[in-house]
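Chemist: For the sequence shown, the numbering used here assigns the number 10 to the initial residue and increments by one for each residue that follows.
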Amino acid sequence: MNKTIRRASVFSLLLVLALLLRATWVQFYDGEALADNQHNRRDTIEKYAYPLGDIVVAGDPVTGSERTKGSDLAYKRTYTDGELYSAVTGYSSQVYGATQLEGIYQDVLDGTDNRLKNPVDAVTRKHADPGDVVTTIDPAVQKAAYEALGDTKGAAVAIDPGSGEILGMVSTPSYDPSKISGSTDGEAWRAFTGDEEKPMVNRALRQPLPPGSTFKLVVAAAALENGLYDSVDERTDSPDPYTLPGTSTVLRNENAAAPCENATLRTALQYSCNNVFAKLAADLGADEVRAQAEKFGFNDAEQDVPVRASESVYPEEMDKAQTALSGIGQFDVTATPLQMAMVSAALANGGELVGPHMVSEVTDGDGSTLEDLSDASSHRVVSERTASQLTSAMQTVVDKGTGSNAQIPGLTVGGKTGTAQHGENNSKTPYAWFTSYAEDADGKQVAVAVLIEDSEAARSEVSGNGLAAPVAKAMMQAALQ
Numbered sequence: 010m011n012k013t014i015r016r017a018s019v020f021s022l023l024l025v026l027a028l029l030l031r032a033t034w035v036q037f038y039d040g041e042a043l044a045d046n047q048h049n050r051r052d053t054i055e056k057y058a059y060p061l062g063d064i065v066v067a068g069d070p071v072t073g074s075e076r077t078k079g080s081d082l083a084y085k086r087t088y089t090d091g092e093l094y095s096a097v098t099g100y101s102s103q104v105y106g107a108t109q110l111e112g113i114y115q116d117v118l119d120g121t122d123n124r125l126k127n128p129v130d131a132v133t134r135k136h137a138d139p140g141d142v143v144t145t146i147d148p149a150v151q152k153a154a155y156e157a158l159g160d161t162k163g164a165a166v167a168i169d170p171g172s173g174e175i176l177g178m179v180s181t182p183s184y185d186p187s188k189i190s191g192s193t194d195g196e197a198w199r200a201f202t203g204d205e206e207k208p209m210v211n212r213a214l215r216q217p218l219p220p221g222s223t224f225k226l227v228v229a230a231a232a233l234e235n236g237l238y239d240s241v242d243e244r245t246d247s248p249d250p251y252t253l254p255g256t257s258t259v260l261r262n263e264n265a266a267a268p269c270e271n272a273t274l275r276t277a278l279q280y281s282c283n284n285v286f287a288k289l290a291a292d293l294g295a296d297e298v299r300a301q302a303e304k305f306g307f308n309d310a311e312q313d314v315p316v317r318a319s320e321s322v323y324p325e326e327m328d329k330a331q332t333a334l335s336g337i338g339q340f341d342v343t344a345t346p347l348q349m350a351m352v353s354a355a356l357a358n359g360g361e362l363v364g365p366h367m368v369s370e371v372t373d374g375d376g377s378t379l380e381d382l383s384d385a386s387s388h389r390v391v392s393e394r395t396a397s398q399l400t401s402a403m404q405t406v407v408d409k410g411t412g413s414n415a416q417i418p419g420l421t422v423g424g425k426t427g428t429a430q431h432g433e434n435n436s437k438t439p440y441a442w443f444t445s446y447a448e449d450a451d452g453k454q455v456a457v458a459v460l461i462e463d464s465e466a467a468r469s470e471v472s473g474n475g476l477a478a479p480v481a482k483a484m485m486q487a488a489l490q
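Here is the structure:
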């Protein structure tokens, strides 16, 4: 063999070896990345080649699958009462991906989760039957919240205080995820995403706003837990009107005739006295109020139910005047409806906060449990004594105070109203809040928080009692009666 042929042979052999090495590398190292690449059409075809598993409410699926026509994606997601349950399910789209429970449990619902495969399926690569996601949602509570919210922009959450189960979660205005589940739904997608009312935002979890006077429950808890006052019936040192520390700004009460000067915590909650809670926060100091707020769940950037909720914030680095304003749920304090429902749930449960969750179990195609999520963790937020005193004061709010629209014959109801400033110098329509709990004669409980972000009502008609309390009442009745 002459030198030229030998060199050509060696070079050709090296090329073959390089190709083999590259093929091996792609197959065993890059294969998974290529398979998971969002532009890999084969994955999408495989995902929608079979009917999807379901999201289940009270034993019945609120999702389904429909055979498509004229597409290489054989099935698309359908929804029963899509607008009613969109804040729970999220959406699953052939084009735009999946969100919320649809996204979190995507592998279970499309049958690709390895836990769904038996040994034979793993060897033969047979597509496994999809699993289901079983929620804690009570359809009666969900429907009551949705109908009561109506055309308003707002949200509502209901929690079982003893178990942490989320019984209802609604955000309005809503949207029908069926309209964006296929591959030719661009017009509907643009309409939803371009709507200034933001129907695809889950306001119950993802829209933290100033909680206003509902935050006074947290400040009252801090005052009792830190020994600033021993009882909700002990008179406080609270001048009316109250001048913010270090300023000439006078903080007044909404009701100038209310008996707020040196009022007890019970009376201060009953009449929602700004002077009392602003001074409480200033006297306690930001660190003490923050510590109490964080026990309730504020400043937790990883609040999963299992959908990730936005962080509810009690701010850092405030001066004394800002700390005083934080005591009435203003300055830079923000909360989601979920967070304010957690406050009432902890107090109703004797001071113990059970982790809120809206999935009880995940099952395989045969109904066997893959994950049991019913046993949630808990921690103590306040003492039983503090919880008992504050729930008693919340009952006074409903029986004799600003929360009268939440009264329900035959049930023990406690609550706290809130009206939070909106816009620079309170130039926009305020937010209306209500957080509450109810208990029946058998001890069954429910805790609720409602936010009305915009009702198109006149500014003078915006109040927690007028707008939010009736929604909470409807939810509590649905849960307990």
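Virtual Cβ for every residue (Gly too), placed ideally from N, Cα, C.
All values reported here derive from a predicted model rather than from experimental measurement.
#1: When you compare each of G177, G195, A164, Y114 to G140 by their alpha carbons, which one comes out closest?
#2: What does a CB cutoff of less than 6 Å around V91 pick up in its chain, not counting 5 residues either side in sequence?
#3: Should I64 go down as buried or exposed, given a rule of 16 or more other Cβ atoms within 10 Å for buried?
#4: Using DSSP with H/G/I as helix, E/B as strand and the rest coil, what is Y323?
#5: Using CA atoms only, rank isn't needed, just tell me which of D239, Y446, I461 is closest to S392.
#6: Taking only beta-carbon atoms, is A229 less than 7 Å away from chain E?
#7: Please confirm whether L176 and D147 have their CB atoms less than 7 Å apart.
#8: Quick check on this structure: which residue in A153, S377, T181, S172 has the alpha carbon closest to the alpha carbon of K162?
#9: Give the list of continuous beta strand (DSSP E) stretches no shorter than 3 residues that lie fully inside the stretch 285-368.
#10: At which residues does the beta strand (DSSP E) containing G387 begin and terminate?
#11: Of all the options R15, A402, G99, R51, which has the alpha carbon lying nearest to the alpha carbon of A213?
#12: Could you compute how far the alpha carbon of T438 sits from the alpha carbon of Q430?
#13: I'd like the ranges of any beta strand (DSSP E) spanning at least 3 consecutive residues and lying wholly in the stretch 172-245.
#14: Using a Cβ distance threshold of 8 Å, determine whether the stretch 470-481 contacts the stretch 401-413, with at least three qualifying pairs required.
#15: In the DSSP assignment, find the unbroken beta strand (DSSP E) run with K162 in it and report its ends.
#16: Can you tell me whether DSSP reads A266 as helix, strand or coil?
#17: In terms of DSSP beta bridges, what is I64 paired with?
#18: Is the stretch 356-363 in contact with the stretch 373-393, if contact means three or more CB pairs nearer than 8 Å?
#19: Report the residue from W442, S386, A17, L379 whose alpha carbon sits nearest the alpha carbon of K126.
#20: Going by beta-carbon coordinates alone, are V166 and A350 separated by less than 7 Å?
#21: Who are the Cβ neighbours of T395 in its own chain at under 8 Å, not counting the five residues just before and after it?
#22: Could you say which of R31, S101, V25 lies nearest to P60 if we only look at CA atoms?
#23: So, does the stretch 149-159 touch the stretch 69-89, judging by three or more C-beta pairs under 8 Å?
#24: Expressed to the nearest angstrom, what Euclidean distance is found between the alpha-carbon atoms of L118 and T426?
#25: From which residue to which residue does the beta strand (DSSP E) around R76 run?
#26: If the criterion is Cβ atoms closer than 7 Å, does the pair A344 and S321 meet it?
#27: Let me know if R275 comes out buried or exposed under the rule of 16 or more other beta-carbons within 10 Å of its beta-carbon.
#28: Note down, in chain order, each residue of its chain lying with its Cβ closer than 6 Å to the Cβ of V143, except the 5 sequence neighbours on either side.
#29: For I14, count the other beta carbons within 10 Å of its own beta carbon; 16 or more makes it buried, fewer makes it exposed. Which is it?
#30: State the Cα-Cα distance for the pair A450 and M367, rounded to the nearest angstrom.
#31: Between the Cα of D328 and those of F307, F340, N271, spot the shortest distance and give me the residue it belongs to.
#32: Whole angstroms are fine: how far does the CA of N284 sit from the CA of E263?
#33: Where does D1 sit, in a helix, a strand or coil, going by DSSP?
#34: CA-CA distance, Q216 and T193?
Modeler: Taking the definition as stated:
#1: Y114
#2: According to the sequence displayed, residue 91 carries Gly and not Val. Answer for G91: D185, P186, S187, listed in chain order.
#3: buried
#4: coil
#5: D239
#6: No chain E is part of this structure, which consists of one protein chain only.
#7: yes
#8: T181
#9: 361-363
#10: Position check: residue 387 holds Ser in this sequence, whereas Gly was assumed. Run containing S387: 387-389, per the beta strand (DSSP E) assignment.
#11: G99
#12: 8 Å
#13: 175-181
#14: yes
#15: 162-168
#16: coil
#17: V142
#18: yes
#19: L379
#20: yes
#21: A230, L233, E234, G360
#22: S101
#23: no
#24: 40 Å
#25: 72-76
#26: yes
#27: buried
#28: V65, S369, E370
#29: exposed
#30: 26 Å
#31: F340
#32: 10 Å
#33: What the structure shows of the chain is the stretch from 10 to 490, and residue 1 is not part of that stretch, so it cannot be assessed.
#34: 30 Å
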